[in-house]
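Protein chains in written order, with our numbering: chain A, 1 to 152; chain B, 153 to 304.
Note that CB positions come from ideal geometry on N, CA and C, so glycine has one too.
Bear in mind that the values here come from a model prediction, so they are computed numbers and not experimental data.
There are 2 protein chains.
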Amino acid sequence: MKKNPHNLEESFGSIVGRAGRAMANRLNQNFSSAGYDVTCEQWAVLNSLWKKNGQSQKELAGCTCKDKTSITRLIDGMQKRKLVFRTPDREDARQKFILLTGKGRTLRQKLLRQIEKTLQEAQKGVRTGDLRTCKDVLVRVTKNLTEGSRAD
Amino acid sequence: MKKNPHNLEESFGSIVGRAGRAMANRLNQNFSSAGYDVTCEQWAVLNSLWKKNGQSQKELAGCTCKDKTSITRLIDGMQKRKLVFRTPDREDARQKFILLTGKGRTLRQKLLRQIEKTLQEAQKGVRTGDLRTCKDVLVRVTKNLTEGSRAD
DNA sequence: CTGAAATGGTTGTTTATGCAACCATTTAGT
DNA sequence: ACTAAATGGTTGCATAAACAACCATTTCAG
Numbered sequence: 001m002k003k004n005p006h007n008l009e010e011s012f013g014s015i016v017g018r019a020g021r022a023m024a025n026r027l028n029q030n031f032s033s034a035g036y037d038v039t040c041e042q043w044a045v046l047n048s049l050w051k052k053n054g055q056s057q058k059e060l061a062g063c064t065c066k067d068k069t070s071i072t073r074l075i076d077g078m079q080k081r082k083l084v085f086r087t088p089d090r091e092d093a094r095q096k097f098i099l100l101t102g103k104g105r106t107l108r109q110k111l112l113r114q115i116e117k118t119l120q121e122a123q124k125g126v127r128t129g130d131l132r133t134c135k136d137v138l139v140r141v142t143k144n145l146t147e148g149s150r151a152d
Numbered sequence: 153m154k155k156n157p158h159n160l161e162e163s164f165g166s167i168v169g170r171a172g173r174a175m176a177n178r179l180n181q182n183f184s185s186a187g188y189d190v191t192c193e194q195w196a197v198l199n200s201l202w203k204k205n206g207q208s209q210k211e212l213a214g215c216t217c218k219d220k221t222s223i224t225r226l227i228d229g230m231q232k233r234k235l236v237f238r239t240p241d242r243e244d245a246r247q248k249f250i251l252l253t254g255k256g257r258t259l260r261q262k263l264l265r266q267i268e269k270t271l272q273e274a275q276k277g278v279r280t281g282d283l284r285t286c287k288d289v290l291v292r293v294t295k296n297l298t299e300g301s302r303a304d
């Protein structure tokens, strides 16, 4: 049985969306089958916190490219799972800082192994230079779409 | 104010996910502000049906890379919006064929204009060859993740 | 200082998504 | 033919996402 014969002129949007979903699904499966109760969306937030612990929800929204409401509820879930906790900012009572728990910090190495595995599965047979180009294009596209619209 | 200084070594998964979300959001905004009550996920299904009207839900799941349950509910929504309707297959009573309504068929040209617009916003400043490479990489990645479930 | 605007988070609502479990209908195995 | 397995769809459940409306707290204008 042949694949979709129309794939050749698929639009960029479809292609990016499909690849994103495929990667997210595989990553979730790999997390889950390795016994980690973490979703890839939560991982995106953790990723940010591993680089800089203690960010406001607004900052997290910015660097994950998510709406602030998504962050609110993502943090709710992560808090329930004891990965992070909220601390009010003493300087500005509107803000809350998100900090990793010990569990959240420790998870890093373990999850990284699954991420590596997933990336290897995904990137198999892709030339390094092409991968570089692909990343650059996607970063540029993201910038095009986020700087023009939501720059407070 | 500098951007995230760690961006350089952001993982491919994050980059793809962020770009996908950025594009989906922009597309939804463009659909909405042009007055169309259609989401980009529904568009993905429509896109498939415009190419080949009358597909089973399983087929649609395959070519949109979504779970069959997602398709079930996506179709529910699209049916409510009178974009498609279900017809039982007489050959095999398990299957249902999804067909475009007149409205679903007519929408094509209108939506295409918004899609074009969105793509132009997204691809601004990206060299054509690089875009080509990017698409090819993403298609390959998707194939890696959906065909060979096992690492070899 | 005081009221208005901006800012950071939360809540309500709608849509989307995947997994597991299930049902109904083929299709196979014997 | 008749049970067992595979297949296509649906439902229950939990997570995720964005928009609008809202609240509390700055910040700004006068």
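Short CB-CB distance (under 9 Å) between residue i and chain B
{"i": "Asn47(A)", "result": "yes"}
{"i": "Ser32(A)", "result": "no"}
{"i": "Gly125(A)", "result": "yes"}
{"i": "Met23(A)", "result": "yes"}
{"i": "Arg92(A)", "result": "According to the sequence displayed, residue 92(A) carries Asp and not Arg. No, no contact with chain B."}
{"i": "Lys58(A)", "result": "no"}
{"i": "Gly17(A)", "result": "yes"}
{"i": "Thr69(A)", "result": "no"}
DSSP three-state assignment for residue i, whether helix, strand or coil
{"i": "Ser33(A)", "result": "helix"}
{"i": "Arg225(B)", "result": "helix"}
{"i": "Leu27(A)", "result": "helix"}
{"i": "Cys83(A)", "result": "Position check: residue 83(A) holds Leu in this sequence, whereas Cys was assumed. Leu83(A) falls in the coil class under three-state DSSP."}
{"i": "Asn159(B)", "result": "Residue placement at Asn159(B) is flagged as unreliable, the pLDDT there being 41, under the threshold of 50; a coordinate-derived value is accordingly withheld."}
{"i": "Lys96(A)", "result": "strand"}
Given residue i as reference, the closest of the options once Cα atoms are compared
{"i": "Lys143(A)", "options": "Trp202(B), Glu299(B) and Val278(B)", "result": "Val278(B)"}
{"i": "Val45(A)", "options": "Ala34(A), Asp130(A) and Arg73(A)", "result": "Arg73(A)"}
{"i": "Leu100(A)", "options": "Arg81(A), Ile115(A) and Ala93(A)", "result": "Arg81(A)"}
{"i": "Glu155(A)", "options": "Asn25(A), Leu138(A) and Gly77(A)", "result": "With chain A represented from 1 up to 152, any question about residue 155(A) goes unanswered, as that position is not in the structure."}
CB contact below 9 Å: residue i versus chain A
{"i": "Gly172(B)", "result": "yes"}
{"i": "Gly256(B)", "result": "no"}
{"i": "Phe164(B)", "result": "yes"}
Assigned exposure category for residue i - 16 Cβ within 10 Å defines buried
{"i": "Gln57(A)", "result": "buried"}
{"i": "Ala186(B)", "result": "exposed"}
{"i": "Ala61(A)", "result": "buried"}
{"i": "Arg292(B)", "result": "buried"}
{"i": "Ser200(B)", "result": "buried"}
message: Using 8 Å as the cut-off, can you tell me whether the region 187-196 of chain B makes contact with the region 217-232 of chain B, which would need three or more C-beta pairs spanning the two stretches below that distance?
response: Cβ pair count under 8 Å is three or more, so yes.
field: Stretch-stretch touch, CB-based, cutoff 8 Å, three pairs: the region 165-177 of chain B with the region 13-32 of chain A
entry: Flag = yes, the region 165-177 of chain B and the region 13-32 of chain A touch.
message: Does the contact criterion of 3 or more C-beta pairs under 8 Å hold for the region 265-282 of chain B versus the region 234-243 of chain B?
response: Using a Cβ-Cβ distance cut-off of 8 Å, the region 265-282 of chain B and the region 234-243 of chain B are not in contact, since fewer than three pairs of beta carbons, one from each stretch, lie closer than that value.
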